[in-house]
Amino acid sequence: MDRAKTSYRTTPALCGILIAVGLCCLSSCKKDPRLDKLVLHENSLVKIRSKPEVLLDHLNNPAAPCFDGSRIIFAESGKGILYELKEGKTIPLIEGFGTDNYGGYTISVLGLTVTPDKSWLVAAAQDSGHIFLFDAATFPTTVKKGREIELQRTESTNPFGILLTKGGILVATGGTKAVYQGPWDRINPNPLKPVFEVASGVEGMAEDAQTGDVFGAVVGTGKQDGSLIRWRPEGMTIEPKTVATGFSNLVGVTALPNGLLLLLEFGEFGTSGTGKLSVLDPKDPGKTHPLISGLDAPSAMALSEDNTLLIATFGKEQEGAEGMIIQLKMESKQE
């Protein structure tokens with residue numbers, strides 16, 4: 001429950017101090033007014049251990065942050081480039097992704113994951129919709145060198161989220177509004193089959209480590225009609241069930257080690273400061289508790305093994321390079 005709200009003000013950061021994941025702090029040594037409006041909410045489920053700070057800024061619609069061990073990989077979606085953040089520097093890994101328009105925002109890659117052995121990277125590109133597989137040993141490279149994983153479809157699609165599970169690979173889309181899945185085979189990948197559809201498309205996905213069920217973020221139309229759904233991917237007939245509703249462009253879901261779910265809302269298109277991060281109540285799944293509000297068009301999030309959370313935001317304006325990647329530490333208050 002939302003017992004108290006704490007308005008967040010940044011404090012000066014000393015250049016060169018190592019942050020929790022072993023990377024240099026890239027925020028300004030001066031107070032950063034862009035984070036002044038963020039509100040941190042206290043609740044009984046999750047504690048924010050470190051105040052948000054700017055890890056990277058001046059990005060063109062950043063998306064799909066991904067932890068690869070101690071490395072961070074992310075997409076500058078507005079430019080169609082994937083980068084690695086290493087020792088405080090951004091290093092291009094893959095260039096040449098096609099772009100599309102999403103609610104007035106220029107986008108390309110919105111989905112990204114790394115295989116458990118760290119040797120392959122899977123990315124979802126927009127334009128007419130493609131899933132590409134890349135050998136990490138070939139970086140830096142271009143999209144043309146990637147291997148495509150086909151989708152069984154009759155029209156173009158907009159792939160958003162990618163999830164590798166014990167049973168295979170899942171791809172969520174917003175174009176055909178379907179979720180696709182199939183066995184994982186990096187040598188001879190078979191076309192992925194659509195297994196169900198929702199009205200407005202699914203974006204983020206997360207696997208329940210205990211049950212193997214998958215949670216999906218149904219985006220909605222921006223009118224508080226986004227929802228969280230759940231399904232069993234290995235079932236003969238896959239029928240998603242609604243867990244919670246009432247979200248404004250729900251774009252992300254991720255799980256803490258104890259199974260608590262974090263939910264990320266993009267907010268209203270063209271209206272800054274309406275994005276929000278919440279935690280789902282495990283005892284009352286239809287209820288959520290806010291953690292951070294006032295975010296400017298957050299597009300995705302990633303959680304490391306030590307509970308470092310990255311949030312990519314497009315920024316206040318729909319054009320230009322006002323995007324950021326924000327970093328904070330959190331912990332669960334429950335076992």
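Here full-length UniProt numbering is used: the first residue of the sequence shown is 1, the next is one more, and so on.
The C-beta atom is built at its ideal place from N, Cα and C for all residues, glycine as well.
Predicted, not measured: the structure shown is a model, and the values here were computed from it.
DSSP three-state assignment for LYS51, whether helix, strand or coil:
Walking along the sequence shown from the start, residue 51 turns up at place 51. Reduced to three states, the DSSP call for LYS51 is strand.
Would you mind reading off the limits of the beta strand (DSSP E) that contains VAL195?
Here residue 195 refers to the residue found at position 195 of the sequence shown. That run of the beta strand (DSSP E) goes 193-197.
On the CB-based measure, 16 or more other CB atoms within 10 Å of its CB, does SER50 come out buried or exposed?
Taking the sequence shown and counting its residues from 1, the one referred to as residue 50 is at position 50. Under this definition SER50 is an exposed residue.
Thinking C-alpha only, which one of VAL219, SER77 and LYS329 is nearest GLN126?
Numbered from its first residue, the sequence shown carries residue 126 at position 126. With distances taken between Cα atoms, GLN126 lies closest to SER77.
For PRO191, count neighbouring Cβ atoms within 10 angstroms of its own Cβ and tell me buried if that reaches 16, exposed if not.
Sequence index remark: in the sequence shown, residue 191 carries index 191 (1-based). Exposed is the label assigned to PRO191, since fewer than 16 other Cβ atoms lie within 10 Å of its Cβ.
Cα-Cα, which of THR274, ALA75 and THR90 is closest to GLY98?
As a first step, residue 98 is located in the sequence shown; it is residue number 98 there, counting from the start. In this structure, ALA75 is the residue among THR274, ALA75 and THR90 with its C-alpha nearest to the C-alpha of GLY98.
Answer yes if the segment 106-122 comes into contact with the segment 145-164, meaning at least three C-beta pairs across the two stretches below 8 Å, and no otherwise.
Result yes; three or more Cβ-Cβ pairs closer than 8 Å.
Ignore the nearest five residues each way along the sequence and tell me which others in PHE196's own chain have a CB closer than 8 Å to its CB.
Taking the first residue of the sequence shown as 1, we reach residue 196 at position 196. Answer for PHE196: ALA178, VAL179, TRP231, ILE238, GLU239 and PRO240, listed in chain order.
Report back the beta-carbon spacing between GLY275 and PHE247 to the nearest angstrom; my notes put them in contact at under 8 Å.
Stepping through the sequence shown from its first residue, residue 275 is reached at position 275. Stepping through the sequence shown from its first residue, residue 247 is reached at position 247. Actually they are not in contact, since the Cβ atoms of GLY275 and PHE247 sit about 11 Å apart, beyond 8 Å.
Top-ranked residue by Cα proximity to ILE311, from GLU234, GLN210, PHE266 and ALA206:
As a working mapping, residue 311 is identified with position 311 in the sequence shown. Looking at the Cα atoms, PHE266 is the closest of the given residues.
For the candidate residues GLN152, LEU56 and PRO183, whose alpha-carbon lies nearest to that of GLY129?
Numbered from 1 along the sequence shown, position 129 holds the residue referred to as residue 129. If we check each option's Cα against that of GLY129, GLN152 comes out closest.
Which runs of the beta strand (DSSP E) spanning at least 3 residues fall entirely within the segment 213-287, listed in chain order?
Taking only runs of at least 3 residues, the beta strand (DSSP E) segments lying wholly in the segment 213-287 are 214-218, 226-231, 241-247, 250-255, 261-265 and 275-280.
Does DSSP put LYS177 in a helix, a strand or coil?
Against the sequence shown, residue 177 aligns to sequence position 177. Looking at LYS177 - three-state DSSP - the assignment turns out to be coil, as it is neither helix nor strand.
For GLU234, I'd like the list of residues in its chain whose CB is within less than 6 Å of its CB, leaving aside the five on either flank, ordered along the chain.
Locating residue 234 in the sequence shown gives position 234, where the first residue counts as 1. For GLU234, where only same-chain residues beyond five positions count, the Cβ hits under 6 Å are GLY167.
VAL218 and MET205 look like a contact to me (Cβ under 8 Å); what is the Cβ gap, rounded to whole Å?
Reading the sequence shown from its first residue, position 218 is the one you call residue 218. Reading the sequence shown from its first residue, position 205 is the one you call residue 205. Taking 8 Å as the upper bound for CB-CB distance, VAL218 and MET205 are not in contact here, some 11 Å apart.
Going by DSSP, what residues sit across from HIS58 in a beta bridge?
The count along the sequence shown starts at 1 and reaches residue 58 at position 58. Answer is none; HIS58 lacks a bridge partner.
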